[in-house]
Every structure is written in structure tokens, then in C-alpha cells.
Amino acid sequence: MLLLAQLQIPSDLNLLGLVPIIVLGLLMVVSLCLELRDEPGVEPEGTDLARPAVLGLGAVTLIGLIAYYFKFNGDNAFYHFNQMLVFDRLTQVSGLLIAVCALLAILAGPDELERHRNTRGGEFCALIFSASLGMVMMASAASTMVMFLGLELFSIALYLLCIFFPDSSASRESGMKYFLLSSAASAVLLYGFALLYGATGSTWLVEMSDSGGLGGPLAVVGTGLVLCGLLFKLASVPFHFWAPDVYQGAPTTVTAYMSVATKVAALAALWRMVEYLGAGIAGQLAHLILFSLAILSMLVGNFLALSQKDLKRMLAYSGVANGGYLLIAPIIYQDMQRPMLFFMASYLLGNIGAFLAVAQIEALQSGPAERSSVVGLFHRQPWVAACFAICLVSLAGLPPMAGFMGKFLLFGKAIQAGNLILPVFGIVGSLIGAVYYLGTAISLFSGSAEEPFEGDEPRAEDAPTSTSHAALAICCLGVLVLGVVPGSFLSWL
Amino acid sequence: MMVSLLVGLPVVCGLAAYLMKEVGSRGFALLVMAIQMGIAVSLMEGAEAARRVHQVWIPELGLNWSLALDGANVLLVLLTPLLCFLAVLAAPRELENPAGLAGGILLLNGFLSGLFLAQNLGLFYLFFEAMLLPTLMLVSAYARKEGPETALKFLMFTLVGSLPMLLGVLILAYSPDVAAPNLDFESLQGKVPVHRQIYLFFPFLLAFLVKMPMVPFHGWLPSLYRNSPACVTVIIAGLMSKAGTYGLMKVGLLVFPGALNQLGPSLGILAVITIIYGALSALGSDSLREILAYSSLSHLGMIAFGLTSSTANGIAGATLQMAAHAVATGGLFLVVALLERRHMPDRMRRFGGLAEFMPRLAALALFLTLASLGQPGLGSFPGELMILTGTWPAQTLLTVLATLGIVLAAAYLLRWYQRVFTGPIGTYREPQDLDSLETFVLLVPITVTLLIGFCPALFLTPIQTWLEGVL
């Protein structure tokens with residue numbers, strides 16, 4: 006009772022702003038409970054309704070959440086929950102993108118679990134919801150404490166998701182690697198937050214920037230450490246080493262989800278750090294670090310992707326490069342939020358679509374998807390190949406796909422802000438990128454149907470079901486729609 | 160609105176054609192392109208207002224859906240569906256996936272029409288890049304050999320040219336002194352100060368020179384022309400190469416007239432080098448397709464020579480020559496496509512005496528060969544003559560050298576014809592002569608080239624009217 010009495014209800018409690026967090030939390034608990042109903046090791050009798058129930062509930066709720074984000078007007082930014090959280094356009098669009106990632110993951114995930122004879126579908130969904138909850142918190146954090154809380158919440162869920170197939174050594178390796186490296190990065194981030202607190206006497210971003218303590222050496226070191234922690238999540242060079250290994254080993258649906266959703270959350274946090282720490286020497290340092298790392302990421306990521314044989318590794322390095330393009334936005338900052346979010350949306354659709362296509366390819370040829378093994382896929386699986394090609398072309402940034410509009414807007418706005426160097430490197434990077442994206446897309450169409458397919462025939466029950474087809478179709482349609490009629494989404498942003 | 164159909168119809172139907180099964184996709188594509196031609200012709204006859212459409216698309220990017228049929232593009236817009244129509248007719252009979260071919264050609268046709276019609280630089284760039292996709296697909300899937308390698312090489316060359324162009328477009332739209340980005344040609348016309356034109360023009364120039372191509376950017380040309388299926392090469396040689404020359408004319412004259420004037424002489428030298436280089440390479444080659452590829456290169460050099468002359472005669476002649484070259488080179492590749500249907504070899508030394516078995520093809524091919532080498536009375540003659548009269552006063556020496564290209568063209572094209580159709584009989588099984596449909600395929604370009612040859616004024620008037628408004 007004493008404990009309860011000590012609980013204070015925040016005076017600025019705003020339920021509307023809290024809805025996504027509450028909903029995702031409840032969803033996580035409910036899907037876990039539905040899973041717990043079965044005794045372990047005992048086959049459920051009759052048809053198992055738990056999984057469709059979790060899936061249906063999750064999908065409907067997430068669609069509701071997406072609609073909520075679309076409907077809610079974030080034009081007037083406000084702080085709430087003891088001023089720990091902020092609700093503005095950035096929170097809103099980030100939350101929307103994270104919800105879309107989660108929706109695509111739970112649509113496509115069950116197929117992959119099925120293929121690995123894994124029956125813990127409810128757990129999978131619960132972990133996805135938990136990760137999304139953390140990401141939404143991180144994206145809406147107005148305090149370094151909440152930011153860190155969100156980061157840990159989604160990181161822990163992602164460790165578990167990476168290691169979700171403990172029978173596979175690749176998955177174990179992936180989870181372990183991610184756990185070790187990411188917790189080190191979290192520690193660095195936390196240390197940075199602590200130093201910033203020491204310098205400014207506050208964990209609240211607004212107060213930190215007002216305190217005037219951002220000029221000292223403590224703040225400079227702290228800012229550097231915070232950037233390291235956030236750039237790790239963004240997989241920017243030189244913090245990108247984990248990405249290919251983790252992405253390759255993790256279940257493909259999880260890779261699809263985490264490759265984009267973590268970037269959304271980390272980028273939102275980075276944006277806020279730049280927003281509040283922008284002035285003073287710490288801000289200048291941040292600018293310099295981000296500037297050089299953005300260019301390095303664009304070049305290194307694209308170059309390393311060129312020589313990859315495994316498609317997931319290739320896409321991992323492509324993610325490094327895309328992280329570099331995204332960094333252009335916080336570097337220039339002024340007027341860059343909308344281009345950043347639009348590019349993020351186009352990257353989300355293209356990248357998740359590509360990973361989901363890889364997942365389907367894995368299912369169809371029962372083995373890892375390599376660049377050599379997808380040659381002539383168009384003649385065997387025209388639909389999957391066409392979707393994969395559309396997503397790759399979008400990632401390459403060619404019209405009429407979303408990726409083109411994203412790059413056009415991002416680079417164009419950067420030029421408008423008077424910065425020509427970053428777009429030039431961005432275009433050089435895109436040129437290198439086009440080689441492997443389009444090289445893969447071209448090889449999908451080559452060869453002929455006569456050629457025998459080398460590899461194991463897939464088991465019939467492993468063939469992708471309608472939900473994963475739906476997820477892939479959503480990505481492809483989205484890529485085309487955002488590419489051809491970007492106007493309405495752009496004006497909403 | 161009708162103008163949009165010229166782009167929208169083939170693109171939408173192209174996507175639909177992919178979904179079709181084997182049966183009917185070819186007929187469907189032919190029907191769509193026939194309708195498209197009908198629309199184009201009716202637009203030419205129709206009211207002025209129907210020939211243009213202007214719709215704000217993404218104001219923030221300065222991108223407008225702005226298309227218009229004008230004197231500069233009318234010939235190319237008419238020829239695009241026509242050549243694609245013939246290409247589908249001349250495609251190999253037994254194909255694994257005819258729907259893919261029909262869909263790809265329809266898409267390419269739509270994007271090319273969009274490129275020629277675009278009145279907005281952003282839209283122009285969009286189509287310039289978009290047409291790569293169906294081309295890569297067609298080359299990769301239907302190549303005679305080495306499909307993916309050829310496609311990738313082509314892709315690399317084109318992107319090295321065109322991605323800097325994206326930078327140029329962005330700088331034009333977003334330079335800090337521009338209040339509201341607007342990429343319409345109309346609003347860009349005369350807006351770029353001369354001192355900025357030079358360095359802004361370079362990325363555009365690079366893209367166009369690679370696309371044409373001009374020496375030394377022609378690395379992709381021989382392998383692409385040699386390895387692609389001939390029915391696709393018809394479109395690449397006949398129309399896609401015109402994306403480069405047309406872009407040079409449109410963007411150069413409208414947005415960067417000062418830069419085009421200043422760079423004209425040096426570009427003229429490059430063009431003449433291309434003319435001679437192409438001609439000599441064609442003389443030295445033994446491949447049926449390569450000779451035509453280099454011949455096309457040489458003739459495109461002539462077009463570029465006219466475009467960079469900064470004279471009304473030179474530019475008008477070059478514009479007319481674009482259409483004439485599309486028909487003549489496209490026609491010659493149609494001949495190759497028909498030979499490909501009969502599984503004929505590519506090496507010339509294995510040919511000979513084909514006229515004995517295929518008198519019809521021999522007669523029609525002779526016509527197209529003569530049209531290509533500039534025989535008076537046929538398509539290429541008026542255009543080349545106008546180019547040379549235009550360049551003569553200012554660049555006499557270069558003009559003399561360019562004329563050498565015409566002489567050489569007679570040599571290599573007649574050698575091509577002679578080796579294939581006359582002389583001792585080569586090593587192949589006795590081929591069937593053309594059936595009536597195939598005869599029709601070749602008669603169409605012959606008719607057009609005769610029309611251009613005998614009544615050039617008919618085609619020149621709209622071009623000259625347009626030029627008067629621009630120069």
C-alpha cells in the first residue's frame with residue numbers, strides 16, 4: 006500500500022500521446038498469455054487457434070495503430086508524462102513506420118517459423134511487439150533516461166529474436182554477436198548520457214540544452230560517446246561490423262524488421278540529440294563526426310556490398326550505405342526532417358520487401374539465398390522475382406520507384422541548403438550501389454526455364470502462404486505508389 | 160489528356176501484358192501500339208490545345224506532368240510505336256516467354272514516348288532513367304548470349320552518364336537562389352546565367368554522349384548490339400539512341416543555349432571523330448550486327464555534328480535526320496531480325512548468295528541499305544545535306560572530313576550487302592523467303608524513308624517552325 010501511495014500520477018498525463026505505448030504493451034502481454042495456455046511439450050489437440058488469434062489480433066491492432074498515427078495531428082508538439090515524452094511530427098511518423106515494420110514482420114514471420122518447425126509463434130509476435138514498444142519509446146523520448154530505457158527494451162527483444170532458432174548455429178552466432186556488441190554499445194551510450202548529465206545537471210533534453218553546460222570537455226566527450234552508441238544502432242561505418250553477421254544469421258523476417266525499425270528509432274533519437282545539442286562546441290563536434298561518417302558509410306557500405314555472395318549480407322551492407330544517406334538529414338538539420346522521413350519510408354518498403362523476397366526464395370529453394378542461386382528465378386517464380394526486382398530497383402534509386410523520389414528529395418533539399426558535397430558522395434554511392442542491386446535484378450531475368458534447377462526441391466508445406474505474399478505485395482505496391490504519386494504522403498509528412 | 164494516353168496506355172498495358180499467358184500477348188501488344196499510333200495521328204490533326212497537358216504533380220520537387228506534341232518531337236513520337244510495332248512482328252516465332260517480350264517492348268515504348276514528349280526536365284530525367292529497366296530486362300532475358308554481362312555493361316555506362324545528370328537536375332531545381340523549384344522547360348528557358356551554363360551543362364552532356372553514343376563513350380555499343388535479340392536492337396538503335404541526340408537538342412537549346420554555342424566547335428570535332436571512327440570500325444568488322452552498330456555510330460556522329468553547329472539549317476537537318484536514321488537503321492536491324500528468325504549466323508564470312516534463296520528480302524534490304532547510306536530520293540539524303548550545308552560556312556574543314564564519312568558509308572554498307580546477298584553461297588541451310596507479313600514489316604520503313612526522301616518539306620516545316628521559336 007505504501008508503494009502505491011508513493012506512485013504519483015504525472016500531472017501532464019496525456020492519454021492520446023500514450024496510446025501507442027499502452028497498446029503495444031498490452032498486445033505484448035496478451036500474445037504472451039495466449040501462448041502460455043499450452044503446456045510445453047504437449048501437442049495441442051485439434052486445431053491450434055492460438056496462433057491465428059495472436060496474428061489476427063496483432064494485425065488488426067497494428068493497422069489500428071497505423072490509422073491512429075495517420076489521423077492524429079502532430080503539428081502542435083507537446084510534452085507529456087512528466088515531460089518525459091514528446092509528441093510531435095517526428096514521433097508520429099517514426100511510430101507509424103515502426104508499426105508498419107511490425108505489421109510486415111508478423112505477417113511474414115509465421116511462415117518462417119513453420120519452416121523451422123518452430124511452434125512459438127505467439128512468443129515471436131510478443132517479442133516483435135516488445136521491440137516495437139521500445140522503439141516507439143525511444144523515438145518519442147524527451148529525456149535521455151527514457152531514450153535509454155527504450156533502447157534496452159528493444160535491444161533485449163531483438164537479441165531473443167535473433168537467436169529464435171536455437172537449433173541453427175548461424176542463428177545462435179547471430180544472437181550472441183548482437184548481444185555482446187550491442188550491450189557494449191549500450192554501455193557506451195549510457196556512459197555518454199551520464200557524462201552529459203554531469204555536465205548539464207539534467208537528463209531532460211530541453212533543460213540540457215538550456216543549462217549552458219554543453220561547452221565543456223565533459224559534454225564533448227559525452228556527446229561523442231552518445232553518438233557512438235546511436236551510430237552503432239544505425240550501423241554506420243565504423244560501427245557496422247556486426248550488421249552483416251547478425252543479419253545473415255538471424256531469421257530473415259527478423260532481419261527485415263530490425264534492419265529498418267532500429268534505424269527509424271535510432272535516427273529519431275539522433276535527430277533529437279542534434280536538435281537539442283546543436284549549439285556549442287559539442288554540436289560542432291557532432292556535426293564533424295556525422296559528416297565524415299556519413300560519407301564513409303555511403304562509400305564503404307556500397308563497396309563492401311559489391312563483393313558479397315550471400316543476398317542477406319549484401320542487403321546488410323546496403324543498409325550501412327543507406328544509413329549514410331540518412332545521416333545527411335541530421336547533419337544539415339534545417340528543413341530536412343520531411344525528406345529524411347520520406348526517404349526512410351521508401352527505404353522501409355524497398356528494404357523489407359527485398360528481405361521478405363529473400364525469405365520466400367529461401368523457402369522455395371530450402372537453403373540460403375545467394376546471388377548465384379537466384380539466376381533465372383523469373384522463369385521459375387515470376388511473382389517473387391518481379392517483386393524482388395521492384396524492391397531492388399527502388400533501393401537502387403531508379404524511377405519510377407519510391408527510392409528515386411526519396412533520393413531526389415533528400416539530395417535536392419541538401420543542395421537547397423547549400424551543401425553540395427554530401428549529395429555528390431550520395432550519387433557516387435548510388436552509382437556503386439546500382440551495380441549490385443541491378444546486377445542482382447538483371448540476373449533474376451537471365452537464363453531460360455529449360456535449365457534444371459540445382460538444389461533440393463522444397464517441401465510442399467514449406468511454400469510461402471498468403472500472409473507472406475500479402476506482406477511482400479504491400480511492400481511492392483507501396484514502393485510503386487510512393488514512387489508514382491508521392492504527393493499526398495509528402496504533403497502529410 | 161489525350162497526350163498522356165500516348166505514355167500511359169503502353170505503360171499500363173505493358174504491365175498487363177506481363178500478366179498474360181503465352182497466348183495473345185503479342186497480338187495484344189500490337190493492338191495497343193496500333194491504338195497508340197492512331198491517337199498520335201489524331202492529335203496531329205486535332206486542336207492545338209489537345210496536344211499538350213500540364214498537370215502539377217509534385218510541386219515541392221518542381222516536377223510537373225507536362226507533355227506536349229510539338230515540332231521537335233512529332234516525328235519521333237510517331238515513329239516510336241511504329242518501330243516497336245514492327246519489332247514485335249519481327250520477333251522470333253518460338254519464344255519461351257513471349258509475354259515478357261511483348262510487355263517489355265510496350266513499357267520501353269511508353270517510356271520512350273514519355274521522354275520525347277516531356278516538357279519538364281525532371282520528367283525528362285525520370286523517363287530517361289526509367290527506360291533502362293525494360294531494356295535491361297529484355298537484353299538479360301532474351302539475349303542471344305551473355306545476356307546478364309551485356310546488360311550490366313550497358314547499365315554501367317549509362318548510369319555513369321546519367322547519375323551526374325541527376326545532380327545537374329537537382330542543382331537546377333534547388334540551387335539556393337531559386338525560390339520555388341520549377342523544372343518546366345518553359346520556366347528554365349533563359350533563366351540560367353551563361354557563366355553557370357558551362358559547368359551545369361557538363362553532366363547533361365555526359366549523359367547524352369553516353370546514350371548516343373559518341374566516341375569515346377561507345378564501349379557498350381558493340382557488345383549490346385551483337386548480343387541483344389535483333390528485334391530489341393531495332394528499338395535500341397532506332398529509338399533509344401535518339402534519346403541522346405534529342406536530349407542534346409532539347410535540353411541544350413532550351414536550357415543551355417550559351418553553353419551549346421561555346422562548346423559547339425569542340426563537340427563538332429568529337430562528332431567528326433565519331434563519324435570517321437565508326438566508319439573505319441565498320442569497314443574492319445566481320446560481324447553482321449557489328450557493322451550495322453558501327454554504321455549507326457557513324458551516322459549518329461553526323462546528327463550530333465549538325466546539332467552542335469548552332470545554325471538553323473544544321474539543327475533542322477539533324478532533327479530530320481534523327482527520324483530518317485531511326486527508320487533506316489531500324490529497318491536494317493529488322494532485316495537482321497528476320498535473318499535471326501531463320502537461325503542465320505552472325506559472321507559475314509559464312510554468308511553469301513542469299514539473294515538466290517531470298518530474292519524478296521534481298522530487294523527490300525537493298526532499299527534500306529541505300530536509304531542508310533544517303534541515296535538521293537531516300538530518307539537520309541535531305542537531312543545529311545542540310546547538316547553539311549549548315550556546318551560548311553563556319554567549319555569547312557570539319558565538314559569536308561564529315562563528308563568522308565558518307566563516302567565510307569557507301570563502302571561498308573555496300574560491302575555488307577554484297578557479302579550477305581551476293582557472291583558464292585555461304586554455309587547455311589536453304590532459308591525460306593519472306594512471307595507476306597514479313598514483307599510488310601520491311602515495306603513500312605521503306606515507305607517512310609521514301610516519304611522523307613521525296614517530300615522532306617512536309618516533315619521539315621514543323622521542325623523549322625519550332626526552331627524559329629527557340630533560336
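Note that the protein sequences, when read in sequence, are chains A and B. Residue numbers for the first sequence follow the working numbering, so the first one is 6 and each next one is one higher. Residue numbers for the second sequence follow the working numbering, so the first one is 160 and each next one is one higher. All residues carry an ideal CB built from backbone N, CA and C; glycine is no exception. Quantities reported herein were computed from a predicted structural model and do not represent experimental measurements.
| Asked | Found |
| --- | --- |
| Just to confirm, is the Cβ distance from B/L493 to B/V579 under 8 Å? | no |
| Is it true that the CB of B/I450 sits closer than 8 Å to the CB of B/A441? | yes |
| According to DSSP, is B/W575 part of a helix, a strand, or is it coil? | helix |
| Residues of chain B with a CB under 8 Å from the CB of A/P256: which are they? | By Cβ distance, chain B contributes nothing, its closest Cβ being about 30 Å from A/P256, past 8 Å. |
| Any beta-carbon of chain B closer than 8 Å to the one on A/G355? | no |
| Please state if the CB of A/G483 and the CB of A/A407 are separated by a distance shorter than 8 Å. | yes |
| Where does B/A338 fall in DSSP's three states? | coil |
| In angstroms, rounded to a whole number, what distance separates the CA positions of A/A107 and A/S135? | 10 Å |
| Grouping DSSP H, G and I as helix and E and B as strand, with all else coil, what is B/I432? | helix |
| Might you give, ordered along the chain, the residues of its own chain that have their beta carbon closer than 6 Å to the beta carbon of B/H458, omitting 5 neighbours on each side? | H484 |
| Is A/D315 helix, strand or coil when you go by DSSP? | strand |
| Is B/A246 helix, strand or coil when you go by DSSP? | helix |
| So, is A/S471 buried or exposed, given that buried needs 16 or more other C-beta atoms within 10 angstroms? | exposed |
| Just to confirm, are A/F153 and A/L95 a CB contact at a threshold of 8 Å? | no |
| Give a yes or no on whether 8 Å exceeds the smallest Cβ distance from A/Q386 to chain B. | no |
| Return the chain-ordered ranges of every beta strand (DSSP E) run that is complete within the region 91-125 of chain A and spans a minimum of 3 residues. | none |
| Using a Cβ-Cβ cut-off of 8 Å, state whether B/G307 counts as contacting chain A. | The displayed chain sequence assigns Pro, not Gly, to residue 307 of chain B. Yes, because at least one Cβ of chain A sits closer than 8 Å to the Cβ of B/P307. |
| List, in order along the chain, the chain A residues whose C-beta lies closer than 7 Å to that of B/L311? | G444, I447 |
| Alpha carbon to alpha carbon, how far is A/I336 from A/I103? Give it in angstroms, no decimals. | 23 Å |
| Roughly how many angstroms separate the alpha carbons of A/K76 and B/A477, rounded to a whole number? | 56 Å |
| DSSP three-state label for B/Q214, please. | strand |
| What separation, rounded to the nearest whole angstrom, lies between the Cα atoms of A/V141 and A/L158? | 10 Å |
| Compare the Cα-Cα distances from A/L361 to each of A/R343, A/A476, A/E375 and report the closest residue. | A/A476 |
| What are the residues of the region 410-427 of chain A that lie near chain B, defined by any Cβ-Cβ distance shorter than 9 Å? | M410, K412, F413, L414, F416, G417, K418, A419, I420, Q421, A422, G423, L425 |
| What residues match up with B/S225 in a beta bridge as DSSP calls it? | B/H213 |
| At the level of alpha carbons, what is the spacing between A/N19 and A/S145? | 13 Å |
| With 8 Å as the C-beta to C-beta threshold (strictly closer), list the residues of the region 471-502 of chain B near chain A in chain order. | none |
| Mind listing, in chain order, the continuous alpha helix (DSSP H) runs of no fewer than 4 residues lying wholly within the region 228-274 of chain A? | 247-254 |
| Taking all protein chains shown into account, do 16 or more other C-beta atoms lie within 10 angstroms of the C-beta of A/D116, making it buried, or fewer, making it exposed? | buried |
| Against B/Y333, what residues of chain A qualify as contacts under a CB-to-CB distance less than 8 Å, listed in chain order? | G417, K418, I420, Q421 |
| What do you get for A/F198, buried or exposed, if any count of 16 or more other CB atoms within 10 angstroms of its CB means buried? | buried |
| Identify the contact partners of A/L436 in chain B, using a Cβ-Cβ distance below 7 Å as the criterion. | L318, V319, L322 |
| Just the C-alpha distance for A/P469 and A/G411, rounded to the nearest angstrom, thanks. | 30 Å |
| Check whether the region 268-286 of chain A touches the region 211-222 of chain A, counting contact only when three or more Cβ pairs, one atom from each stretch, lie closer than 8 Å. | yes |
| Going straight from the alpha carbon of B/L383 to that of A/F170, what length do you get? | 47 Å |
| Could you tell me the alpha carbon to alpha carbon distance between B/L429 and B/L398, rounded to whole angstroms? | 22 Å |
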